[in-house]
Every structure is written in structure tokens, then in C-alpha cells.
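Asks:
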Amino acid sequence: MNGSGPTSQTFISQRLRLNYEDWGTGGRGDKPTLVLVHGGRDHARSWDWTAEALCPDYRVVAMDHRGHGDSDWVSDGNYSAGDMVYDLAQLIHQLGVGPVAIVSHSMGGNVALRYAGTFPDMVTKLVAIEGLGPSPEWRDKQRATPYPERLAELIGKKRAAAGRIPRRYDSIETAFARMIEENSYLTEEQARHLTIHGVNRNEDGTYSWKFDPHLNVWPIEDLADEFLEQTWAAIRCPTLLLYGADSWASNPEKDGRIAHFNTAQVIEFEKAGHWLHHDQFDRFVATVHDFLKD
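Here is the structure:
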């Protein structure tokens, strides 16, 4: 990483104090705003390489979702996409900017797509990396189990999460090894950076990931398919949906979901998994830069 890096700022959303990293200092305040929205169990500093590449042309702001990074955890351990859309809307509102461009990943892509469909005049360009959520095939498979059984399973998982102590690592190196294990495409430099900014040091000297353990348990149902599809269809800005050829995520051109978009195109990246913005960084940045400047 080069340069002085971002400044950490906070804003309030539904009584939570949420963190964001602002790359707009140093005379770049007159640039258009680009908001970076990370995925689940990740953090704002995972965008540092992207922010550094794009900040000459944009005021780059990267938010920490509730329960992630340096943002507050919710008291009841329940995290909904609707609340996260509110957080994104609140960030943009409190920044006093807009319309903005958005680049997002995974869960953050899900949130950004809903924001863009809800406030279509507030987004100029949107990039979502594997942000459409579970594939139709996966959802149909899950729904084959009766709802009461799935709800009972969810309650059991939530009860277990409530008693779970965040995993503790003896050293940064041990946490770093876990990061490499999670994504073998990462370089050592990338994995170390993500680890350093992704952990807190505990009082006993050990290290734990910053995200709330309750984020390991997601609601069994979120939004009715028809309402989600209506939201996608309401997006008016040019939209780029990026997918890794080696990812578990389902490509919307292949599963039919692209039909619900009016302004979207899909690009698939070879030799890339779910974190394609790390796995194929140079191609990713070039693709995003060309898309945003058009």
C-alpha cells in the first residue's frame, strides 16, 4: 500500500455508531463520490487497494456494516438486509452527497442493489460483485424443507450463537494462516493486510475477528422473490454484475435472474473465486475504471 491511507469517521444509524473510511482528504473533496460496500464478515479496509487505485478520480468512502469492522454490533444479534440498506442510505444522506457511484461485494452487493432500486436517482453507476444472493436452485432446495422445521433449526443456531465466544488466536500469524486457508487465491501481502485490519486484540493478548459471531446465522427468509425482483427492475443506472468462474455463486446470465434487470451486464472472471476483486485485482480495477468513466 502506498500513500497516507484513509481517515476513520463515524455516523449514527438506528442508534448505532458505524464506521467508515474516507479517502476524500488531501484536496480531493471536489471529486465525485464513490462508495465501497464490503461483504459479510469482511471490513472496509478490504477495499484499500481498490480505493487507492480509484481515489485520484473520486472521493472514495468505504463503510463498515453494522456488526463488522469498527462498527457497533446490534444488541439482539439480528442482522437484516433492510437495516443494512437503511445504514447505506443514512451514510449517503449524512455525507450530504449524491448521486454517487457504488462498488460492492457479496452481502454488500445485495444491499447496494436494493438501495439503487429504492433510490434510483441517487446512484449513477453500480458494480455488484456476486451480490444477488442465493441462486434460484439453492432457494428451491432450501424451501423443500417445511418452514416450521427451518425455523426450529434457526432458533437452535441462534441459541448456540448467543453462547459462543469469538474464536481466539494466539498470534496474528495464526489468524493470518486462517485467512489464507479461507481463500487460497490471496497473496501473502493481501492476506496479512486483511488480517491486521480484521482482528482486535483481546485483553489476554490473543486475537479475535472483529465481526459479530451472530453473523454466522442468517434469517431463513428475507424478502419475497417478487419484491426483490421488483427492486432489481427499478434500478435505472448502468449496472455491472461481476462473477468469478471458480466461485460457488450462481451466474445470473445462466440461472435467469438477469431477466429482472433493465440496465445490467454480466462479466465473468476466469481464475477467480468469490473475492474476485482480490483474486484478479488488476483486471478488476481496469474493468471498474472503464465502466465508471464511460
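Numbered according to our numbering, the sequence shown spans residues -13 to 280. Cβ atoms here follow ideal geometry from the backbone N, Cα and C, with glycine treated the same way.
#1: Quick one: what does DSSP say Ser254 is sitting in, helix, strand or coil?
#2: Quick one: what does DSSP say Gly230 is sitting in, helix, strand or coil?
#3: Since Thr181 is in the alpha helix (DSSP H), which residue starts that stretch and which ends it?
#4: Is Val86 closer than 9 Å to Val274 when the C-beta atoms are compared?
#5: Report the rounded CA-to-CA distance for Ile115 versus Leu77, giving the unit in angstroms.
#6: Tell me whether Asn96 sits in a helix, a strand or coil according to DSSP, three-state version.
#7: Nearest-angstrom Cα distance between His179 and Ser32?
#8: Which same chain residues, not among the five before or five after Pro120, have their C-beta less than 7 Å away from its C-beta?
#9: So what does DSSP say about Asn202, is it helix, strand or coil?
#10: What's the call for Gly12, buried or exposed, on a 16-neighbour Cβ count within 10 Å?
#11: Would you mind giving the Cβ-Cβ distance between Leu22 and Asp58, rounded to the nearest angstrom? I have them listed as a contact below 8 Å.
#12: Between the alpha carbons of Tyr6 and Lys257, how many angstroms are there, rounded?
#13: Closer than 8 Å by C-beta to Asn237: which residues in its own chain qualify, once you throw out the five before and the five after it? Chain order, please.
#14: Do His54 and Asp16 come within 9 Å of each other at the CB atom, strictly closer than that value?
#15: Figure out for me which residue from Trp261, His200, Glu212 has the closest Cα to the Cα of Ala235.
#16: Going by other Cβ atoms of all chains shown within 10 Å of its Cβ, with 16 needed for buried, is Gln0 buried or exposed?
#17: How many Å lie between Cys41 and Met165 at the Cα?
#18: Decide if Ile221 is buried, meaning its Cβ has at least 16 other Cβ atoms within 10 Å, or exposed.
#19: Please name the residue in Val89, Pro205, His183 whose C-alpha comes closest to that of Phe162.
#20: Let me know if Asp107 comes out buried or exposed under the rule of 16 or more other beta-carbons within 10 Å of its beta-carbon.
#21: When the Cα of Arg187 is compared with those of Ala210, Ile158, Asn202, which residue comes out closest?
#22: Under the three-state reduction of DSSP, which class applies to Glu167: helix, strand or coil?
#23: Measure from the alpha carbon of Ala146 to the alpha carbon of each residue in Trp9, Val46, Val203, then state which is nearest.
#24: Among Gly142, Gln(-5), Trp35, Ser(-10), which one has its Cα closest to the Cα of Ser175?
#25: Taking C-beta to C-beta, are Gly117 and Asn96 nearer than 9 Å?
#26: So, helix, strand or coil for Lys144, using DSSP?
#27: For a quick check, are the C-beta atoms of Glu139 and Ile244 less than 9 Å apart?
#28: Considering only DSSP beta bridges, list what Tyr326 is partnered with.
#29: Quick one: give me the first and last residue of the alpha helix (DSSP H) that Asp241 is part of.
Replies: According to the structure data:
#1: On the sequence shown, residue 254 is found 268 positions in, with the first residue counted as 1. Reading the sequence as shown, one finds Glu at residue 254 and not Ser. Glu254: strand per DSSP, three-state reduction.
#2: Residue numbering aside, residue 230 sits at position 244 when the sequence shown is read from its first letter. DSSP places Gly230 in strand when its eight states are reduced to three.
#3: As a position in the sequence shown, residue 181 is number 195, starting the count at 1. Unbroken alpha helix (DSSP H) run through Thr181: 174 to 184.
#4: For this step, residue 274 is matched to residue 288 along the sequence shown. For this step, residue 86 is matched to residue 100 along the sequence shown. No. Outside cutoff.
#5: Start at 1 with the first residue of the sequence shown, and residue 115 comes out as number 129. Start at 1 with the first residue of the sequence shown, and residue 77 comes out as number 91. Going by the C-alpha atoms only, they are around 21 Å apart.
#6: Position 110 of the sequence shown holds residue 96. Residue state, collapsed to three classes: helix.
#7: Numbered from its first residue, the sequence shown carries residue 179 at position 193. Numbered from its first residue, the sequence shown carries residue 32 at position 46. Computed Cα separation, rounded: 8 Å.
#8: Residue 120 sits at position 134 when you count from the first residue of the sequence shown. Same-chain partners within the cutoff: there are none.
#9: By 1-based counting over the sequence shown, the position of residue 202 is 216. Helix at Asn202.
#10: Residue numbering aside, residue 12 sits at position 26 when the sequence shown is read from its first letter. The predicted model places Gly12 with a pLDDT of 44, which falls under 50 and marks its position as unreliable, so this point remains unresolved.
#11: Stepping through the sequence shown from its first residue, residue 22 is reached at position 36. Stepping through the sequence shown from its first residue, residue 58 is reached at position 72. Going by Cβ atoms, the distance from Leu22 to Asp58 rounds to 20 Å, so no, they are not a contact pair.
#12: Sequence index remark: in the sequence shown, residue 6 carries index 20 (1-based). Sequence index remark: in the sequence shown, residue 257 carries index 271 (1-based). The straight-line gap from Cα to Cα measures roughly 31 Å.
#13: Reading the sequence shown from its first residue, position 251 is the one you call residue 237. Excluding sequence neighbours, Asn237 sits near Tyr229, Val252, Glu254.
#14: Translated into the one-based positions of the sequence shown, residue 16 becomes position 30. Translated into the one-based positions of the sequence shown, residue 54 becomes position 68. No; because the gap between Cβ atoms is not below 9 Å, this pair is not in contact.
#15: The residue labelled residue 235 in the question sits at position 249 within the sequence shown. Among Trp261, His200, Glu212, the Cα nearest to that of Ala235 is on Trp261.
#16: Taking the sequence shown and counting its residues from 1, the one referred to as residue 0 is at position 14. Flag for Gln0 reads exposed.
#17: Mapped onto the sequence shown, residue 41 falls at position 55. Mapped onto the sequence shown, residue 165 falls at position 179. Rounded to the nearest angstrom, the two C-alpha atoms are 27 Å apart.
#18: Position 235 of the sequence shown, counting from 1, holds the residue named residue 221. Buried, because 16 or more other Cβ atoms sit within 10 Å of the Cβ of Ile221.
#19: For the purposes of this step, residue 162 is taken as the residue at position 176 of the sequence shown. The candidate whose alpha carbon is nearest that of Phe162 is His183.
#20: Against the sequence shown, residue 107 aligns to sequence position 121. Looking at its Cβ environment, which holds fewer than 16 other Cβ atoms inside 10 Å, Asp107 is exposed.
#21: Numbered from 1 along the sequence shown, position 201 holds the residue referred to as residue 187. Among Ala210, Ile158, Asn202, the Cα nearest to that of Arg187 belongs to Ile158.
#22: Within the sequence shown, the letter at position 181 stands for residue 167. In this structure, Glu167 counts as helix in the three-state DSSP scheme.
#23: The residue given as residue 146 occupies position 160 in the sequence shown. Comparing Cα positions, the closest option is Val203.
#24: Start at 1 with the first residue of the sequence shown, and residue 175 comes out as number 189. The sequence given here has Glu at residue 175, not Ser. Answer by Cα proximity: Trp35.
#25: Working through the sequence shown from its first residue, we reach residue 117 at position 131. Working through the sequence shown from its first residue, we reach residue 96 at position 110. Contact: yes.
#26: Taking the first residue of the sequence shown as 1, we reach residue 144 at position 158. In the structure shown, Lys144 sits in a helix (DSSP, three-state: H, G or I).
#27: Counting from one through the sequence shown, the residue named residue 139 turns up at place 153. Counting from one through the sequence shown, the residue named residue 244 turns up at place 258. No, these two residues do not count as a Cβ contact at 9 Å.
#28: The chain is shown from -13 up to 280; residue 326 falls before or after that span and cannot be answered.
#29: For the purposes of this step, residue 241 is taken as the residue at position 255 of the sequence shown. Here the alpha helix (DSSP H) through Asp241 covers 238 to 241.
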